[in-house]
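Shown next, in structure tokens, is the structure this report addresses.
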Amino acid sequence: MAELAIDANNLTHKFGSVTAVSSLNLQVEKQRIYGFLGPNGSGKTTAIRLFTGLLKPSAGTVNVLGCHLPKDTESLRRQIGYMTQKFSLYDDLTIKENMQFIARVYGLPPKEQKARLDELISIYQLEKLKKQLAGSLSGGQKQRLALACAVMHKPKLLFLDEPTSAVDPENRREFWEQLFDLCDQGITILVSTHYMDEAERCHKLAILDNGIKRADDSPAQLMADMPANVIEISTDNLRQLKQQLIALPEVVSASQIGAHLRVLINKSIVDPIAFLKHSRIMSSKAELNIVRASLEDVFVLSTSNKLMPASQVSKAQL
Amino acid sequence: MMSLLRIQAIVIKELIQLRRDRMTFGMVIMIPLVQLLLFAFAINTNIRHIPAGIVDQSQTALSRVLQQTVAATSMVNFTRHYHSLPQAQAAIDRGDVRAVLIIPKDVAQRLVRHTSIGFGLPPASDEETSRPIAQWLVDGADTAIASSIKSLRNMPLAELLDKPVNRNVPTFEVTLLYNPEQRSVVNTVPGLVAIILTMTMIMFTSAAIVRERERGNMELLITTPLASIELMIGKIFPYIFIGAIQVSIILGLGHFFFNVPINGSLWQLTFATLLFICASLVLGLVISTLAKNQLQSMQMTVFILLPSILLSGFMFPYEGMPEVAQYIAEGLPATHFIRLIRGVVLRDVAVVDMTFDMLWLMGFTLLGLMAAVLRFKKTLD
Chain L
33 MAELAIDANN
43 LTHKFGSVTA
53 VSSLNLQVEK
63 QRIYGFLGPN
73 GSGKTTAIRL
83 FTGLLKPSAG
93 TVNVLGCHLP
103 KDTESLRRQI
113 GYMTQKFSLY
123 DDLTIKENMQ
133 FIARVYGLPP
143 KEQKARLDEL
153 ISIYQLEKLK
163 KQLAGSLSGG
173 QKQRLALACA
183 VMHKPKLLFL
193 DEPTSAVDPE
203 NRREFWEQLF
213 DLCDQGITIL
223 VSTHYMDEAE
233 RCHKLAILDN
243 GIKRADDSPA
253 QLMADMPANV
263 IEISTDNLRQ
273 LKQQLIALPE
283 VVSASQIGAH
293 LRVLINKSIV
303 DPIAFLKHSR
313 IMSSKAELNI
323 VRASLEDVFV
333 LSTSNKLMPA
343 SQVSKAQL
Chain B
3 MMSLLRIQAI
13 VIKELIQLRR
23 DRMTFGMVIM
33 IPLVQLLLFA
43 FAINTNIRHI
53 PAGIVDQSQT
63 ALSRVLQQTV
73 AATSMVNFTR
83 HYHSLPQAQA
93 AIDRGDVRAV
103 LIIPKDVAQR
113 LVRHTSIGFG
123 LPPASDEETS
133 RPIAQWLVDG
143 ADTAIASSIK
153 SLRNMPLAEL
163 LDKPVNRNVP
173 TFEVTLLYNP
183 EQRSVVNTVP
193 GLVAIILTMT
203 MIMFTSAAIV
213 RERERGNMEL
223 LITTPLASIE
233 LMIGKIFPYI
243 FIGAIQVSII
253 LGLGHFFFNV
263 PINGSLWQLT
273 FATLLFICAS
283 LVLGLVISTL
293 AKNQLQSMQM
303 TVFILLPSIL
313 LSGFMFPYEG
323 MPEVAQYIAE
333 GLPATHFIRL
343 IRGVVLRDVA
353 VVDMTFDMLW
363 LMGFTLLGLM
373 AAVLRFKKTL
383 D
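Okay, here's the thing in structure tokens:
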């Protein structure tokens, strides 16, 4: 087994009576991009804060880069970078001033400071902006600045909490290229997101829902292991059909995508097309096709209450 | 292990932010300037020109001379004349005048028999023959006005008659040190240093930590290796200079415009002021770790500021306050600083000789800093 950057066992965190993270077991290998996929309030941010020592676990253990938390929090802080969900640099400082501030706080010797700043300014294309106040930057520019500051001290492990939520698709692509560059330099990255396309880029992925890990594996494996078939139906009167389909116990989910209905059917049904055709609610004109599963299907399936596949249940509770 | 580089990072950041925040920057200069001008002119315990009325029942040359003699003290301004006592009383009720002088019909007889005149030598204790020559009716609600008029009770009357004064030898001789001319600014301006510093210093730092939290910067700071003591020191440091600038403005203007003497050495003054600036900044930091938002920190600042103005000895003498109020006053840094700065500026006492107040401020600063550091946790829970 490869060396672990993060090793969490039974990690739990409660805010009063609310359990934000529940018995989380997570192993993140070094030099990987690991994704946290989950809806808002699923415990992604809390989990990241537990890994960075910002929150103390209510139960369980967590070991990050060989440091036991919360005991070794201070020594861990020099080795990790953390990009917060909300922009947390100073709006009333310029890009350069913000970067200088971070460099000093991380104790970069003044001689190295200038070289490191120049390097980061060129990597993250901040040359033209460096005298602008951070508060006046666009979402994409802010995020480049935040990333530059998060990697200022060359951390071994980088936490990114929904880094692209205020960024357009063009900048998002660019951003991910930069993440892979960092990963290539040996940095481990843990990134939380609620975008499927982003989650799909990760080496490995954990799906969180209500503080519980529903599944974790590589995106391809998750899609392959999905305990349901995906059927695309094109016919008339999709809204009504959808309601009728959802009422069937074998149908996990149905959602309209343009002129189609995308239906997830439990894998225990061997021939889903025949099953649907014989269900009598389908008009004879309807076209039915089995299609490839997407990550969204995995996500819908893992967070659905209707079907919790036995294999995943046992995996999540290990 | 404290790192100078990290403290420096905070200091530079604070200075840049301060420079960009024109409102705060303006406050640094404007607060001491405006308050000095306001208070130095306004707070005056020597009351003059009290609006007064007169009821002259005598209508003689003597009564008019008496009137002029009283007016010449410039303690009162006779603005109205009334024909009768009820009229005068009504005028006081309405607030037209604060006092009325009633000159009786027999003012001349009263005057000649008055002991200070010394005609005919009647026994001084004989109330039949020696009576006050006129009466004051005063709105006594304001004790300061009342006592001013009361001070007219034994006004010398020799000028009324061309006669040498029958000098009274006072029981005590009083020598007024440090402020022989009895100008209130001399006492007010050094005290004002304490009030203005209390206001601005606490206000600056009380917002310091809360603002980081409100603007979301705290999440960044606590993930860095920055230690809380480094953050606290870095936050205090720039404002020490700002406090020093404010003190220079107040005492400088006080010295050149209002002629307030600075008798002690500037070193002593600097030492006393630094002690107080640090104590106030630390108090602000403690508030900042307690408050949940900037509004709360502001409210707490006012909560400290009011007693600092009223109980510290700035407005009323400490010795005159009831014991409970004195205990409260002892808990305020401003009280101790007002003693120190008045000692240094007016009486040229060395700070070390006022040991208790000096040690109190030092102790307060250290304890406050410890409290702030302990209260500030680098975690979110």
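Note that the protein sequences, when read in sequence, are chains L and B.
Using the working numbering, you'd call the opening residue of the first sequence number 33 and step up by one each time.
Using the working numbering, you'd call the opening residue of the second sequence number 3 and step up by one each time.
For every residue, glycine included, the Cβ atom is placed at its ideal position computed from N, Cα and C.
Alpha carbon of residue i to alpha carbon of residue j, nearest angstrom
i	j	result
residue 274 of chain L	residue 288 of chain L	8 Å
residue 286 of chain L	residue 209 of chain L	34 Å
residue 222 of chain L	residue 167 of chain L	26 Å
residue 43 of chain L	residue 241 of chain L	15 Å
residue 372 of chain B	residue 5 of chain B	18 Å
residue 346 of chain B	residue 180 of chain B	12 Å
residue 87 of chain B	residue 140 of chain B	13 Å
residue 114 of chain B	residue 103 of chain B	19 Å
residue 376 of chain B	residue 233 of chain B	12 Å
residue 291 of chain L	residue 328 of chain L	18 Å
residue 218 of chain L	residue 212 of chain L	10 Å
residue 230 of chain B	residue 227 of chain L	37 Å
residue 97 of chain L	residue 117 of chain L	22 Å
residue 220 of chain L	residue 158 of chain L	24 Å
residue 348 of chain L	residue 246 of chain L	Below a pLDDT of 50, predicted positions are generally treated as unreliable, and residue 348 of chain L, at 40, falls in that range; the measurement from the model is reported next regardless. Distance between the alpha carbons of residue 348 of chain L and residue 246 of chain L: 6 Å.
residue 104 of chain L	residue 75 of chain L	23 Å
residue 272 of chain L	residue 323 of chain L	22 Å
residue 147 of chain L	residue 128 of chain L	13 Å
residue 82 of chain B	residue 159 of chain B	23 Å
residue 277 of chain L	residue 299 of chain L	16 Å
residue 155 of chain B	residue 243 of chain B	52 Å
C-beta atoms of residue i and residue j nearer than 8 Å
i	j	result
residue 80 of chain B	residue 63 of chain B	no
residue 150 of chain B	residue 49 of chain B	yes
residue 320 of chain B	residue 336 of chain B	no
residue 239 of chain L	residue 58 of chain L	no
residue 219 of chain B	residue 122 of chain L	yes
residue 67 of chain L	residue 234 of chain L	yes
residue 40 of chain L	residue 113 of chain L	no
residue 311 of chain B	residue 285 of chain B	no
residue 58 of chain B	residue 105 of chain B	yes
residue 353 of chain B	residue 270 of chain B	yes
residue 136 of chain L	residue 10 of chain B	yes
residue 288 of chain B	residue 374 of chain B	yes
residue 303 of chain B	residue 147 of chain B	no
Residue(s) in a DSSP beta bridge with residue i
i	result
residue 319 of chain L	L/266
residue 288 of chain L	L/293
residue 53 of chain L	L/45
residue 54 of chain B	B/80 and B/101
residue 221 of chain L	L/65 and L/190
residue 1 of chain B	With chain B represented from 3 up to 383, any question about residue 1 of chain B goes unanswered, as that position is not in the structure.
residue 117 of chain L	Partner(s): none; residue 117 of chain L has no beta bridge.
residue 379 of chain B	Its beta-bridge partners do not exist; DSSP assigns none.
residue 138 of chain B	B/103
residue 237 of chain L	L/67 and L/249
residue 283 of chain L	L/297
residue 94 of chain L	L/40
residue 58 of chain L	L/40
residue 126 of chain L	L/165
Per-residue contacts from residue i into chain B (C-beta, under 8 Å)
i	result
residue 331 of chain L	Residues of chain B passing the Cβ test: none, with the nearest at roughly 27 Å.
residue 9 of chain L	Here chain L covers residues 33 to 350 and nothing more, so residue 9 of chain L does not appear.
residue 152 of chain L	Under the 8 Å cutoff, chain B gives no residues; its nearest Cβ is about 16 Å from residue 152 of chain L.
residue 109 of chain L	225, 226 and 227
Nearest candidate by alpha-carbon position, reference residue i, set the options
i	options	result
residue 352 of chain L	L/308, L/301 and L/257	As shown, chain L starts at 33 and ends at 350. That puts residue 352 of chain L outside it, with no answer to give.
residue 367 of chain B	B/238, B/357 and B/295	B/238
residue 370 of chain B	B/344, B/8 and B/277	B/277
residue 8 of chain B	L/319, L/133, L/236 and L/214	L/133
residue 334 of chain L	L/272, L/237 and L/303	L/237
residue 72 of chain L	L/280, L/153, L/297 and L/52	L/52
Interface residues of chain L facing residue i [CB-CB closer than 7 Å]
i	result
residue 11 of chain B	133, 136 and 137
residue 18 of chain B	125 and 129
residue 222 of chain B	116, 120 and 121
Partners in chain L for residue i, counting only beta-carbon separations shorter than 8 Å
i	result
residue 218 of chain B	116, 118, 119 and 120
residue 15 of chain B	122, 125, 129 and 133
Residues that residue i contacts on chain L, provided the C-beta gap is smaller than 9 Å
i	result
residue 22 of chain B	124, 125 and 165
Contacts of residue i in chain B (Cβ-Cβ under 9 Å)
i	result
residue 205 of chain L	Going along chain B, no residue has its Cβ under 9 Å from residue 205 of chain L, so there is no contact; the nearest lies around 26 Å.
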